Each structure stands twice: as C-alpha cells, then as structure tokens.
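Visitor:
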Amino acid sequence: MNRTLIFIASIVAPTVARAADIGTTYAFTPDLALEGNPAMASLGFPGIIALNIAIVVAVSLMTYYWWRHPVDCKMPSNMDDTWAFASLNYFGAEYPRRTFAYKFMTKFPTNWPLAIQMTGLVLSAILVVGSCMAIFSWFAVHDWHLPWYRKAYFGTHFAFPFLLLLPVFLAVTAMYFKAEHARFRAERNGK
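Written as structure tokens, this is what we have:
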C-alpha cells in the first residue's frame with residue numbers, strides 16, 4: 497500500500513475513532529456518572545478532549561516521522577527472514593524468532609528512530625480498535641443490555657475489552673516489520 501495513504505489513514509482514522517468514542521460517551525453519560533474509567537471521569541469532558549487531542553497529535557507526529565524519514569535498515573544474513581530483519585534493526589543483533597519476541601516484550605530497543613516510527617503506526621491501529629471496542633461496550637452494556645457482555649465487562653472491571661488489544665498490538669507490530677522488510681528488500685533490489 498502507498499505510504500502516503502497509510503500516513504493519511506493513520507491520522508484520519510484515529511481522529512474519527514476518538515471523536516466517535518467521546519461523542520458516544522457524551523450521549524450515554526453527559527455527567528460522566530457511568531464512565532467506567534475513574535481517571536477519565538475525573539478529567540471531565542474538556543480534559544478528555546484535551547488529552548485525546550494530545551494523544552492523536554503525538555501519534556500523528558510519529559507517523560509523519562515514518563512517512564517523511566523512513567529508517568535506513570540493515571539486511572540480515574538470511575535476507576528472507578523477516579524476524580532476523582526485525583531483531584537486527586530493532587536490537588542491533590539477529591535473534592531467533594522466539595528470542596526476538598521475548599526481548600521485544602521485555603527490553604528497550606537500541607534503534608529508537610525505528611521504535612518511534614513503529615509505535616506511531618501501531619498506536620494508530622490501537623486507537624481505532626480500542627475506540628470501536630469502547631463504543632461497542634457503551635451499547636452492549638447500557639443500550640442492548642447483553643447479559644454475557646455485562647458479566648464479562650463488570651466481572652473484570654475496565655480490563656476485559658481492552659485486554660483484547662494485546663493481540664491487535666502483536667498483529668500490527670508483525671505487519672509493520674513485514675512491511676518494512678518488504679520495503680527495504682524492494683529498495684535494495686531496485687538499486
């Protein structure tokens with residue numbers, strides 16, 4: 497997919513998704529009495545809007561950095577191995593897939609520009625999916641009164657729907673590394 501289209505989508509989609517989530521929250525609870533997150537309820541709507549603007553701007557700046565200044569990557573010894581590519585460029589050394597996955601979840605990167613660019617794109621997707629889940633939760637709990645969803649949501653308090661974002665995070669991160677690997681291979685083969 498075209499980098500410019502991805503950049504535009506990574507700004508427009510989270511902006512629309514966050515606005516829809518805030519609008520849905522306001523429609524269900526203008527006084528925030530039903531808001532499940534006490535930190536958000538304490539901010540009030542002006543604070544929630546300001547925080548969301550700051551988050552969307554930060555994500556937009558990270559994706560702009562990816563769009564305008566793609567990181568120059570190195571190729572691993574096995575040019576076809578996406579995970580060797582990811583570990584070499586994220587940590588500066590080639591690791592087997594499982595070692596890379598463990599280090600990715602537990603260690604800081606050595607290539608911060610790459611990590612910042614990846615974070616912008618991953619957070620963009622997380623904001624969209626998380627916002628859709630929050631909107632669904634408002635309707636499922638307070639309008640449709642789905643018993644199974646209410647039980648899961650209130651039984652785990654705020655965490656239930658948002659723990660589902662971990663697989664989204666991992667999937668989008670994998671997509672990022674595969675796309676960057678493909679981009680760099682294409683650039684290298686084109687030269």
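Per my numbering: the sequence shown = residues 497 to 687.
Glycine residues also receive a C-beta, built at the ideal position from the N, C-alpha and C atoms.
Quantities reported herein were computed from a predicted structural model and do not represent experimental measurements.
(1) DSSP three-state call for M575: helix, strand or coil?
(2) Determine the DSSP secondary structure at K570, reduced to helix, strand or coil.
(3) Report the residue from G588, S627, L501 whose alpha carbon sits nearest the alpha carbon of W608.
(4) Closest to L681 by C-alpha separation, out of F541, A513, D568, S538, would be which residue?
(5) For L547, does the three-state DSSP call read helix, strand or coil?
(6) Give the range of the alpha helix (DSSP H) segment to which D517 is assigned.
(7) Under the criterion of a Cβ to heavy atom distance below 7 Å, does K570 qualify as lining the ligand MG?
Guide: Taking the structure as given:
(1) Taking the first residue of the sequence shown as 1, we reach residue 575 at position 79. Coil.
(2) Indexing the sequence shown from 1 puts residue 570 at position 74. Note: K570 maps to coil in three-state DSSP.
(3) As a working note, residue 608 is residue 112 in the sequence shown. Residue nearest to W608 within the set G588, S627, L501 is G588 (criterion: CA-CA distance).
(4) By one-based count along the sequence shown, residue 681 stands at place 185. For the sequence presented, residue 681 should be read as Arg rather than Leu. With distances taken between Cα atoms, R681 lies closest to D568.
(5) For the purposes of this step, residue 547 is taken as the residue at position 51 of the sequence shown. Looking at L547 - three-state DSSP - the assignment turns out to be helix.
(6) Along the sequence shown, read from residue 1 onward, the residue named residue 517 stands at position 21. Where D517 is concerned, the enclosing alpha helix (DSSP H) stretches over 499-524.
(7) As presented, the structure is devoid of all ligands, the ligand MG included, so that no description of it is given.
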